[in-house]
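Numbering (the UniProt record's numbering), first residue to last: 1 to 935. Notes for the one structure printed next.
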């Protein structure tokens with residue numbers, strides 16, 4: 001809500017200028033009546049700092065007009081005090097600011113606090129409310145601190161929330177400058193969505209309270225949507241008031257009615273209050289996201305914070321100890337916690353979205369409370385609506401604003417469920433505005449100076465805040481989708497699925513041992529345990545091992561060693577749960593075997609009814625990521641082949657060609673070898689490739705072990721910013737998720753695949769150990785100079801080393817067709833349905849097209865390291881971590897359940913979180929490096 005008070009909080013500068021040592025300095029004279037309609041911060045400072053007028057070096061980045069002026073370090077040491085330059089007509093005292101803070105944070109959200117506690121439990125809700133309150137307060141602290149730092153750096157007296165974001169990006173690293181306008185837009189966007197969402201909630205609040213009163217007195221039963229529709233005209237009329245001065249009386253009446261209504265409500269709650277033992281202490285963990293969204297919606301007043309701080313007589317008193325912010329938020333959080341605790345204790349699981357709806361139906365005083373609350377919220381609507389109107393329609397006449405009123409009413413009609421709606425607004429808007437954005441802004445602001453602190457504690461802390469916000473956003477939004485559709489789901493229908501599922505009387509009878517899927521498998525040539533182990537090692541042991549030393553360079557010698565075993569153990573466990581779910585689903589569906597996509601589709605089809613319609617989407621998602629992984633791996637193959645051939649050619653012929661030309665030369669031979677359609681013929685390719693790979697790795701290991709330096713020569717732990725690349729590379733190297741289900745489905749004794757010791761455990765233990773040793777030794781040998789493929793580090797003038805590069809190149813060349821087999825098969829099944837004639841010709845075209853696609857992608861991004869990290873982060877975080885955890889949760893949801901204390905749900909949530917963090921961080925860092933190296 002920083003735009004709400006901009007008339008007093010942001011101080012435009014006059015055209016006059018002062019200079020100090022040839023540096024532009026904002027003039028101390030201001031005229032508050034000359035507020036500009038555009039982004040005040042950007043346009044004003046640009047006016048003061050125009051390079052062509054004042055010979056000052058400035059840049060305009062991505063449309064932003066905020067100057068990039070080099071500042072002296074002493075600017076942050078106190079030479080410029082933004083508080084002294086603020087010219088506020090009517091500054092507020094500490095007490096007045098405290099009152100405004102309480103009013104800005106205390107609103108209709110307190111009425112939903114008992115509902116929040118019903119989703120968390122009595123005692124867990126109490127503790128978690130204080131914890132979330134502390135986190136939200138801390139995020140406000142860092143936002144205000146960043147505002148002070150940025151004000152000193154840019155010599156601007158005060159900044160609104162959107163200004164802080166834009167300034168942080170412009171004053172941060174040069175690569176971030178072009179995102180400054182986007183940062184401002186996102187802040188304003190989420191502020192608008194938040195406040196429009198609040199207006200929608202206000203509509204539902206008013207309508208539900210009026211509905212109860214009308215039904216009690218007139219015995220009229222109308223749909224809640226009709227009551228919401230009736231509010232449209234009066235809301236439009238009250239919102240036509242464009243002057244804040246005339247809204248003040250409405251605010252006074254609303255505050256009075258809300259205070260009286262809350263007092264009477266508390267009286268009803270305290271009357272005949274039951275013992276605390278009557279309510280559950282901790283709710284089911286699946287309902288916690290609803291609690292989070294509701295509480296953060298109720299508590300968060302991030303929109304008004306900067307406006308309040310900018311208008312204070314003593315801004316330094318806003319934060320600190322005790323400080324206005326700490327004192328105010330302590331009171332607000334305590335009040336909300338007590339109100340939620342008592343309300344839930346009184347009404348238990350019957351608690352409504354607004355606690356007023358729980359008051360006695362036939363009590364006139366209780367009914368009057370509902371009317372008071374409804375009228376109070378109705379009168380507050382125009383004030384709440386003021387900010388989005390200011391942000392969106394600054395340059396448009398006021399007679400267009402009824403369109404947004406209609407929008408809020410329509411949204412409320414579509415979603416008239418108060419509880420889930422509150423959760424959605426809290427999860428989407430306030431997770432971003434209150435948690436994620438402040439953490440990101442602080443990271444950017446402090447990145448260069450004073451830095452991230454010892455052990456990068458500030459970066460780690462802010463990363464945790466962002467992750468916490470992402471979890472709240474995703475889980476809260478997801479549960480809103482489920483809850484808002486519960487009433488509209490047909491009880492006897494499921495989404496159409498292409499996967500045949502045999503129905504029976506109950507899942508219990510399907511899930512017993514009467515049906516053994518292993519006995520019904522008809523495999524012509526089943527593999528023994530030893531053969532399966534060999535196939536598993538071959539399927540997982542590929543070009544990824546060549547990049548393990550590079551992974552260790554991004555992790556550090558000892559951190560890389562330990563983390564490789566940890567990531568390997570997690571990946572192995574995820575394969576375990578995927579195979580277990582496949583066995584369980586085969587019994588339920590009475591199907592002998594399932595591939596990966598089949599497991600996902602069947603899990604959704606046989607899971608909770610609300611998920612049935614997503615079964616086809618689940619199967620398609622798995623196939624999509626399998627295709628992306630295979631194509632991405634083929635791109636990596638082509639880069640490794642071209643890089644090794646390039647070094648050999650340059651050694652023997654002294655020819656310097658761009659690597660992209662070598663990649664282009666591979667198009668024809670790879671297209672020809674990929675025209676081989678029968679796996680039987682590809683077996684010979686695989687045999688030769690395995691022989692060359694084994695021989696090449698052996699010789700490469702010989703070079704690595706020659707003159708190996710002591711371990712003290714390499715760093716033990718790399719910078720934390722490199723860890724995402726380590727994760728992406730390791731998971732790319734280790735993960736063989738695309739071959740797991742095929743191997744298990746073709747075993748003579750499938751039950752030997754998992755278990756103790758089991759084929760999977762033996763194979764993955766060997767692989768992870770081998771990868772860890774190879775990465776450890778390779779990085780110890782070559783250190784920070786390690787290349788994307790360790791063969792590129794072998795001596796350039798040694799013929800034996802050059803022969804190794806040719807062996808590896810030929811081995812990977814011959815393996816290319818096998819790697820591309822999976823996506824081709826998926827496409828082949830699709831094109832068979834559409835091309836009855838010339839099917840073979842079309843298939844050949846698809847094969848050549850896929851080869852061309854991998855070559856083109858490799859030409860665009862010919863960097864092995866970041867490409868491997870990107871494929872690992874995007875595809876294998878999903879296939880190897882997120883999807884198995886989601887599938888197990890759905891498979892076990894109803895039977896046998898989540899276990900004691902919902903341990904299975906918590907464990908899988910952590911796996912999904914680990915996958916999401918790896919996905920986001922690995923993708924971001926990899927893309928950033930790709931852009932940087934190819935710029």
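Backbone N, C-alpha and C fix where the C-beta goes; we use that ideal spot for every residue, glycine too. None of these values were measured; they are calculated from a predicted model.
Q.
Classify residue 184: buried if its beta carbon has 16 or more other beta carbons within 10 angstroms, exposed otherwise.
A. The residue is buried, with at least 16 neighbouring Cβ atoms inside 10 Å.
Q.
Per the DSSP calculation, residue 258 is bridged to which residue(s)?
A. Residue 258 pairs with nothing; no bridge assigned.
Q) alpha helix (DSSP H) containing residue 644: first to last residue? A) Going by DSSP, residue 644 is part of the alpha helix (DSSP H) stretching over 615-653.
**Q.** Helix, strand or coil at residue 527 [DSSP, three-state]
**A.** Taken through DSSP and simplified to helix, strand or coil, residue 527 comes out as strand.
Q. If you check the beta carbons only, do residue 375 and residue 114 fall under 9 Å apart?
A. Result no, Cβ atoms of residue 375 and residue 114 do not sit closer than 9 Å.
Q) What's the call for residue 457, buried or exposed, on a 16-neighbour Cβ count within 10 Å? A) exposed
Q. Per DSSP, what kind of secondary structure is residue 312 in: helix, strand or coil?
A. strand
Q | Buried or exposed (CB count within 10 angstroms, at least 16 for buried), residue 601 | A | Here residue 601 is buried, its C-beta having at least 16 other C-beta atoms within 10 Å.
Q) For the 8 Å Cβ check, are there 3 or more pairs between the region 847-857 and the region 542-551? A) no
**Q.** Candidates 673, 745 and 636: closest to residue 789 by CA position
**A.** Out of 673, 745 and 636, 636 has the C-alpha closest to the C-alpha of residue 789.
Q.
I need the DSSP call for residue 487, collapsed to helix, strand or coil.
A. For residue 487, the predicted model reports a pLDDT of 43, less than 50, meaning its position is unreliable; a value from the coordinates is still stated below. DSSP places residue 487 within a helical segment (H, G or I) once states are collapsed to three.
**Q.** Simplified DSSP state of residue 492, which is helix, strand or coil
**A.** In this predicted model, residue 492 has a pLDDT of only 36, less than 50, meaning its place in the structure is not dependable; the value taken from the coordinates is given anyway. It is coil, neither helix nor strand.
Q. From the DSSP output, which residues share a beta bridge with residue 747?
A. 527
Q: Please name the residue or residues paired with residue 92 in a DSSP beta bridge.
A: 312
Q: Leaving out five residues on either side along the sequence, give the residues of the same chain with a beta carbon under 7 Å from the beta carbon of residue 847.
A: 674, 675 and 824
Q) If we count the other Cβ atoms within 10 Å of its Cβ and call it buried at 16 or more, is residue 322 buried or exposed? A) exposed
Q. So, do the region 916-927 and the region 856-870 have three or more beta carbon pairs nearer to each other than 8 Å?
A. yes
Q.
Just to confirm, is the Cβ distance from residue 631 to residue 857 under 9 Å?
A. yes
Q | Minimum Cβ-Cβ distance from residue 806 to chain B less than 9 Å | A | Annotation note: the requested chain B is absent from the structure, which comprises a single protein chain.
(Q) Is it buried or exposed, residue 261, if we count other Cβ atoms within 10 angstroms and call 16 or more buried? (A) buried
Q) By DSSP, does residue 723 sit in helix, in strand, or in coil? A) helix
(Q) Less than 9 Å between the beta carbons of residue 108 and residue 296, yes or no? (A) no
Q: Pull up the CB-CB distance for residue 139 and residue 465, whole angstroms please, since I reckon it's below 8 Å.
A: About 7 Å; that satisfies the 8 Å criterion.
Q) What is the C-beta distance between residue 595 and residue 693, in whole angstroms, given that I count them as a contact (C-beta under 8 Å)? A) That belief does not hold up - the Cβ atoms of residue 595 and residue 693 are roughly 27 Å apart, past 8 Å.
Q) Is it a yes or a no for the region 550-562 touching the region 760-779, going by three-plus beta-carbon pairs under 8 Å? A) Enough Cβ pairs lie closer than 8 Å, so yes.
**Q.** Span of the alpha helix (DSSP H) around residue 767
**A.** 758-782
Q | Which of helix, strand or coil DSSP assigns to residue 592 | A | The three-state reading of DSSP puts residue 592 in coil, since its state is none of H, G, I, E or B.
Q. Roughly how many angstroms lie between the CA atoms of residue 715 and residue 179, to the nearest whole one?
A. 34 Å
Q.
For a quick check, are the C-beta atoms of residue 224 and residue 370 less than 9 Å apart?
A. no
Q. Under three-state DSSP, which class holds residue 715?
A. coil
Q | Per-residue burial, residue 349 [other beta carbons within 10 Å of its own, 16 or more giving buried] | A | exposed
Q.
Under DSSP, the alpha helix (DSSP H) around residue 440 begins and ends at which residues?
A. 437-446
Q) With distances taken from CA atoms, which of 621, 592, 762 and 588 is nearest residue 568? A) Taking residue 568 as reference, the option from 621, 592, 762 and 588 with the minimal CA-CA separation is 762.
Q.
Please list the terminal residues of the continuous alpha helix (DSSP H) segment that includes residue 148.
A. 122-154 is the span of the alpha helix (DSSP H), which, as asked, contains residue 148.
Q. Is residue 789 helix, strand or coil when you go by DSSP?
A. coil
Q. Per DSSP, what kind of secondary structure is residue 676 in: helix, strand or coil?
A. coil
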